[in-house]
Every structure is written in C-alpha cells, then in structure tokens.
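Chains as they are written, first to last, in the working numbering: chain A, 110 to 311; chain B, 30 to 423.
Idealized CB from N, CA, C, for every residue including glycine.
Below you'll find the structure, written out as structure tokens, and then a few comments.
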C-alpha cells in the first residue's frame, strides 16, 4: 500500500515543512530526520489519520473502509509519548491490543520477545512503575501485535541505550520482513540503528 | 473479540458506588410514581362504587330561590331546551324531570276509631325504576292511589311532633295499614279519592305518587302538566369534578352532599398528581445525576478512551461497558421498585379487604413501568454511544 501526499502542509506549525508531491513507496523504509518542532510527529499523526489540521491530501493506494480497519490491519504506530495505560500491567497493555488478532503472535513468541528485550520479569508490573526506556520497548512490542502495511515509529529509540536500541532494531527488522511492511522512523539525527532505504531531512 | 482487558481498564476508577446510589434514588422515584398510580387505580373503584357517600350517582337538581323569584316564578322552571342541553352533556347519563301537582291537595283520615287528621299536601312523581316499591301502578280503574312517604317525615313525627301533641306513635307497618282520603281541587272541580302509603323512601324528601296518576290529575284539573322545577339527573361518574363546575356555571344547585365529595376527589386527584410529579422529578433528577457522573467518567478517561480508539476499538465497543453497567443498575432499580410496589400493594389490599369487597384490578403499573424502563434504557444506550463517539473522535 503506497501512501501519497499532495500539497501537504501541517497547519499548526510556524516553521513547518511543505511537500508538494510525495509518495511513500511500499514496502520501503524511510528515515525522517528533523530538529524538534519541525513537524515529524505531526506528519506521522496525519498519516495515521488522527490529526486533520493540514492542508493538501493524504491518500492510500488501497481502499480502506474505516479508520478502525486502518488502525487494526494496515497501519501500526509507536507514539512518541508511548500512550500506554499506566494502571494496567505490562502484560495487560499488550493483551488489550492483541485481542483483535489473538492468533497472529503466539504467546510463546511474545514471551520470547519480552525475554529478548529484558522485560519478561516485569510483565506483571504496572506500566506506571516501569522506566521510560522499558515503557518504550513495551510500546514497540504492542505495535507488533497486528497485521500491517506500514510501521510508524516516532523516535522509538529516544529513551534507550545503544545496546537496547540495537536489540529493538533487530526485532523491527524481523517483523518488517515477516509482515512485508514498510516503515517510517522519525529521528533527531540521521544515524539510526535500523537500516533505511531513504533518509529525508525536513 | 475478548472484552476482558478492555473491561478491566474501564472498571478502574469507575464510581460504582456513586452510580449505585443515584440509581437507588431513581428507584425511589419510580416506586413513588408506581405505588401512587397503582393505589389510585385500586382505590378509585372502591370510592366510586362501594362507599355510601360516593355511590350516589343520581342527584336532584334545582334552581336557587331568592326574594326576586317571587316576581318571576318562571325562573325556577326548567325549560325543555335546558333539559335537552343538560342531557347532552358528556357526564350525564339520563335526565328525568319530577312531575308535580298543579292543584290543591289535602289528605285526611276519616275513621271512627282514629283521631281526626287533616293536612294540606303537595304531590310529586318519578318513574318506578328510581324507587324500590312493588305496587307502584295506577290507572283510572284503580280504587286506591299508592303513596310513597319520606322516612324522614315519619321520624320527625314520632320523635318530636307526636310527643309534643300527645298523639299516638306510628310505625311504618301501622301507617301502611291506614286508609287516607285525598281531596283534590282546583277552581270549581274537585275530587275525593282513597289513598294508601305503600312504602317509604330515604332518597326523596317528597310525597310521591305514580306518574300515571299525576298525569291524569293534572290533565283533569289543569289540562296539562306544569313545567318541572326539579330534575333527577343520573351522572356517569359522580367523582368527576368537572360536573360540579358545570352546574355552578349554570347556576343550578343540588340536594346531595355530592358536591363536597367531588371537591374531596378533586383535592385527592391533585395530591396524586403532585406526588407523581415529585416522584417524576426525583426520577429525572437521579437520571440527570447518572448522566452527569458518566459524563465526568468519560472526561476523566478521555485520554485512555482515545488511545483505545486509536488502537482499533470502535466507539460501540468502548460504550459497551458503560451501557451494560448503567443498564444493570437501572434494571435493578426498576425491578426493586416493582417488587416493592407489589409488596406494598398486597399490604394495603389486605387492609382494605377488612372494609370492602376488593376486586383488585390488574397490576397495570407493571406494564407502564416496563415500557418506561425500555424507553429509558434505549435512550441511555443511544446517549452513551453518542457521547463516547463525540469524545473519541474530536
């Protein structure tokens, strides 16, 4: 599923960017680099269809009947502010997303990932008691629990050390291959633990 | 799809106790309305048909007498037109004018063994079906004119008059055995006839004769019947306060304590309306509190609800928990109210059975409460869904 942007410009930004015509080719990987406040997050939120304060058009090459279907089956996102449920446990935070596709990722697979990211022992802890870095990993794992055409990652490595970032990159790589999905990553610098096809600086 | 984790999330920080208390208040409102309506439904027929004061659906109507009436006696007459207007009123079942005598009447006892007795009289007549008397017929071949006497007159005679005048006391049976003579006269014509008291009445304070006799006598002495001054009116519902208002407007007066009764019923009805109104206000206020509480819950959980929406939950799925819980509390309230109503009803019915033969009407409030419950629940489901959609989509 390609994503087309036409005369796109976020409205809420003073020094924001504008794209006259741009296509996110499926299933390529895009690294979007910009300093804070340029509109990286806004761009992802606009593509994810949870913000409408932009000029121009965003279109998908597939017809998608509803936003719910878009979010359940086509786009998966890791929010910059993570948006986990602090009063639920790590495990419940994953399950609340997994209910839509309970057979996509087996529980043993999920446990393996948790173990790989050093979260297995924490799975019955409330998320509010986890560190930001740990929460970031939970949010990443949550985004793996659905079918997807695109994985949108909003500064996914901002709160973790390099070693952990590498581990996360390995998992992302595996998922993108398995699901044959494209990826957009936003970052402050042009270096990323995940290899990308294109790098754009806004 | 499993709702387990969604419900667990939504259950956190949910003010269950507060909502429970509000639905209890709603229950009290429903209970108040249903018990009062059911009570009215049960008591009304008893008031209407089984108490002596209320069951008088026949009243006597007349026009008030004043000093000025002396100059225009026609004021007291009911015209044919007026009678027709009256009988066309929706609350009137039937109108029967009293026939009255338009000639002089004196009654006397002409018996060697009895003291001489002589009195001037007037005669009135009403159809047989208003009296419980067997021999109430007269035709030109009859030798004796049957009379019905007011019980009250005999009572007064025995307790006061006879005592003061040293006259013999008379029982009903004795009087029935007496033969009176009636002396009828007008102008040059006169007639003397035999008469006998065949019965007594508590309802009518008048000396009554059969209509056929009075019609014959009026024709004989005057050529026609005089216009009526009193009407017997059968009402459809003596408790209808509108009836009294209508009579008042027309300037008619009635002989029975019936007007007072209709005032009592009028007040009673307003008390019922007020109580039902208060119940309704309690019910609506508690619904408003429930709605306000849920609104607060939605705003409080706005962030979580939006995240859930972005994760792929539909507003319908998000609303389900609040719909179920609210419905459960409301249904519980309705059921408690119904059971309480039914229990209280059995209590007062068994109390009433000591005094009246109670034929309980159906438990009709049940249907009304069920219909209200269904409507309230439907509106509630729609509102929760609508509210949540607005909150997650904005």
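Tell whether a beta-carbon distance below 8 Å holds between residue 186 of chain A and residue 112 of chain A.
Walking along the first chain from the start, residue 186 of chain A turns up at place 77. Walking along the first chain from the start, residue 112 of chain A turns up at place 3. Not closer than 8 Å, so no.
Mind checking whether residue 251 of chain A and residue 203 of chain A have CB atoms under 8 Å apart?
For the purposes of this step, residue 251 of chain A is taken as residue 142 along the first chain, with counting starting at 1. For the purposes of this step, residue 203 of chain A is taken as residue 94 along the first chain, with counting starting at 1. Taking 8 Å as the Cβ cut-off, residue 251 of chain A and residue 203 of chain A qualify as a contacting pair.
Given that residue 37 of chain B touches chain A, what residues does it touch there, using C-beta distances under 8 Å?
The sequence position of residue 37 of chain B within the second chain is 8, counting from 1. Chain A residues near residue 37 of chain B: 197 and 201.
Taking CB distances under 8 Å as the criterion, tell me whether residue 204 of chain A reaches chain B.
Here the question's residue 204 of chain A lines up with position 95 in the first chain. It does: the Cβ of residue 204 of chain A has a partner Cβ on chain B nearer than 8 Å.
Going by DSSP, what residue range makes up the beta strand (DSSP E) through residue 259 of chain A?
Position 150 of the first chain holds residue 259 of chain A. From DSSP, the beta strand (DSSP E) with residue 259 of chain A extends over 259–263.
Rounded to whole angstroms, what is the Cα-Cα separation between residue 124 of chain B and residue 164 of chain B?
The residue given as residue 124 of chain B occupies position 95 in the second chain. The residue given as residue 164 of chain B occupies position 135 in the second chain. Each residue's alpha carbon lies about 24 Å from the other.
Assuming contact is defined by CB atoms lying nearer than 8 Å, are residue 64 of chain B and residue 361 of chain B in contact in what I supplied?
Within the second chain, residue 64 of chain B is the residue found at index 35, counting from 1. Within the second chain, residue 361 of chain B is the residue found at index 332, counting from 1. For residue 64 of chain B and residue 361 of chain B, no; Cβs fall outside 8 Å.
Nearest to residue 245 of chain A by alpha carbon, out of A:284, A:130 and A:189?
Looking up residue 245 of chain A in the first chain gives position 136. Of the candidates A:284, A:130 and A:189, the one whose C-alpha sits nearest the C-alpha of residue 245 of chain A is A:189.
Could you pull out every residue in the same chain whose Cβ sits closer than 7 Å to the Cβ of residue 129 of chain A, ignoring the five residues on either side in sequence?
Within the first chain, numbered from 1, the residue matching residue 129 of chain A stands at position 20. Once the five neighbours on either side are set aside, the close Cβ partners of residue 129 of chain A are 116.
By Cβ distance, which residues of its chain are closer than 6 Å to residue 142 of chain A, with the 5 residues on each side in sequence left out?
In the first chain, counting from the first residue as 1, residue 142 of chain A sits at position 33. Answer for residue 142 of chain A: 296, 299 and 310, listed in chain order.
With DSSP as the reference, please indicate the residues paired to residue 212 of chain B in a beta bridge.
Position 183 of the second chain, counted from the first residue, corresponds to residue 212 of chain B. Residue 212 of chain B pairs with B:135 and B:221.
Is the beta carbon of residue 169 of chain A sitting closer than 8 Å to the one on residue 214 of chain A?
Residue numbering aside, residue 169 of chain A sits at position 60 when the first chain is read from its first letter. Residue numbering aside, residue 214 of chain A sits at position 105 when the first chain is read from its first letter. No. Outside cutoff.
State the Cα-Cα distance for the pair residue 96 of chain B and residue 104 of chain B, rounded to the nearest angstrom.
To locate residue 96 of chain B, count along the second chain from 1; it is residue 67. To locate residue 104 of chain B, count along the second chain from 1; it is residue 75. Approximately 12 Å between the Cα atoms of the pair.
Might you give, ordered along the chain, the residues of its own chain that have their beta carbon closer than 8 Å to the beta carbon of residue 233 of chain A, omitting 5 neighbours on each side?
Counting from 1 along the first chain, the entry for residue 233 of chain A is found at position 124. The answer, listed in chain order, is 198, 199 and 200.
Compare the C-beta of residue 417 of chain B against all C-beta atoms of chain A and say whether one is closer than 8 Å.
Within the second chain, numbered from 1, the residue matching residue 417 of chain B stands at position 388. Not one chain A Cβ lies under 8 Å of residue 417 of chain B.
Can the beta-carbon of residue 66 of chain B be found closer than 8 Å to that of residue 394 of chain B?
Locating residue 66 of chain B in the second chain gives position 37, where the first residue counts as 1. Locating residue 394 of chain B in the second chain gives position 365, where the first residue counts as 1. Closer than 8 Å, so yes.
Between residue 344 of chain B and residue 118 of chain B, what straight-line distance do the alpha-carbon atoms span, to the nearest angstrom?
Within the second chain, the letter at position 315 stands for residue 344 of chain B. Within the second chain, the letter at position 89 stands for residue 118 of chain B. If I take the Cα positions, the gap works out to 59 Å.
Which term fits residue 106 of chain B, buried or exposed, when burial requires 16 or more other beta carbons within 10 angstroms of its beta carbon?
Indexing the second chain from 1 puts residue 106 of chain B at position 77. Exposed: under 16 other Cβ atoms inside 10 Å.
Quick check: the Cα distance between residue 156 of chain A and residue 315 of chain B, rounded to an integer number of angstroms?
Position 47 of the first chain, counted from the start, is the residue given in the question as residue 156 of chain A. Position 286 of the second chain, counted from the start, is the residue given in the question as residue 315 of chain B. Their Cα atoms are separated by approximately 44 Å.
Note down, in chain order, every chain A residue with its Cβ under 9 Å from the Cβ of residue 336 of chain B.
Here residue 336 of chain B corresponds to residue number 307 of the second chain, with the count starting at 1. Those within 9 Å of residue 336 of chain B in chain A are 188, 192, 193 and 194.
For residue 83 of chain B, name the three-state secondary structure that DSSP assigns.
Position 54 of the second chain, counting from 1, holds the residue named residue 83 of chain B. Confidence is the limiting factor: at residue 83 of chain B the pLDDT is only 47, short of 50, which leaves the residue's position unreliable, though a coordinate-based value still follows. Looking at residue 83 of chain B - three-state DSSP - the assignment turns out to be coil, as it is neither helix nor strand.
In angstroms with no decimal places, state the Cα-to-Cα distance between residue 272 of chain B and residue 202 of chain B.
The residue you call residue 272 of chain B lines up with position 243 of the second chain. The residue you call residue 202 of chain B lines up with position 173 of the second chain. Roughly 40 Å separates the two Cα atoms.
Does the beta carbon of residue 156 of chain A sit closer than 8 Å to a beta carbon anywhere in chain B?
Here residue 156 of chain A refers to the residue found at position 47 when the first chain is read from its first residue. Taking Cβ atoms only, chain B never reaches closer than 8 Å to residue 156 of chain A, which makes this a no.
State the beta-bridge partners of residue 176 of chain B as determined by DSSP.
Locating residue 176 of chain B in the second chain gives position 147, where the first residue counts as 1. According to DSSP, which records beta bridges pairwise, residue 176 of chain B is partnered with B:226.
Quick check on the DSSP output: the beta strand (DSSP E) that includes residue 122 of chain B runs from which residue to which?
Along the second chain, read from residue 1 onward, the residue named residue 122 of chain B stands at position 93. Residue 122 of chain B -> beta strand (DSSP E) spans 121–126.
Kindly indicate which three-state DSSP category residue 309 of chain A falls into: helix, strand or coil?
Counting from 1 along the first chain, the entry for residue 309 of chain A is found at position 200. If DSSP states are grouped into helix, strand and coil, residue 309 of chain A belongs with the strands.
If contact is defined by three or more beta carbon pairs under 8 Å, each pair taking one atom from either stretch, is the segment 159–176 of chain B in contact with the segment 228–239 of chain B?
These segments touch.
Any C-beta of chain B sitting closer than 8 Å to the C-beta of residue 214 of chain A?
For the purposes of this step, residue 214 of chain A is taken as the residue at position 105 of the first chain. Output row for residue 214 of chain A: interface = no.
Taking 8 Å as the limit between beta carbons, can you name the residues of its chain near residue 81 of chain B, skipping five residues before and five after?
Here residue 81 of chain B refers to the residue found at position 52 of the second chain. Legend: pLDDT at residue 81 of chain B = 49, less than 50; position of this residue unreliable, no value from coordinates given.
With 16 other CB atoms within 10 Å as the buried threshold, where does residue 407 of chain B fall?
Numbered from 1 along the second chain, position 378 holds the residue referred to as residue 407 of chain B. Per the 10 Å Cβ criterion, exposed.
At a Cβ threshold of 8 Å, is residue 347 of chain B touching chain A?
Working through the second chain from its first residue, we reach residue 347 of chain B at position 318. No, no contact with chain A.
Does residue 159 of chain A come within less than 8 Å of chain B when only Cβ atoms are used?
Your numbering for residue 159 of chain A matches position 50 in the first chain. True, the Cβ-Cβ gap to chain B drops below 8 Å.
Let's see if you can read the secondary structure: which residues bound the beta strand (DSSP E) around residue 119 of chain A?
By one-based count along the first chain, residue 119 of chain A stands at place 10. Segment 112–119, the beta strand (DSSP E) holding residue 119 of chain A.
Taking only beta-carbon positions, decide if residue 340 of chain B is within less than 8 Å of chain A.
Here residue 340 of chain B refers to the residue found at position 311 of the second chain. Yes, because at least one Cβ of chain A sits closer than 8 Å to the Cβ of residue 340 of chain B.
Can you list the beta strand (DSSP E) stretches of 3 or more residues lying completely in the segment 238–289 of chain A, in chain order?
Whole beta strand (DSSP E) segments, 3+ residues: 259–263.
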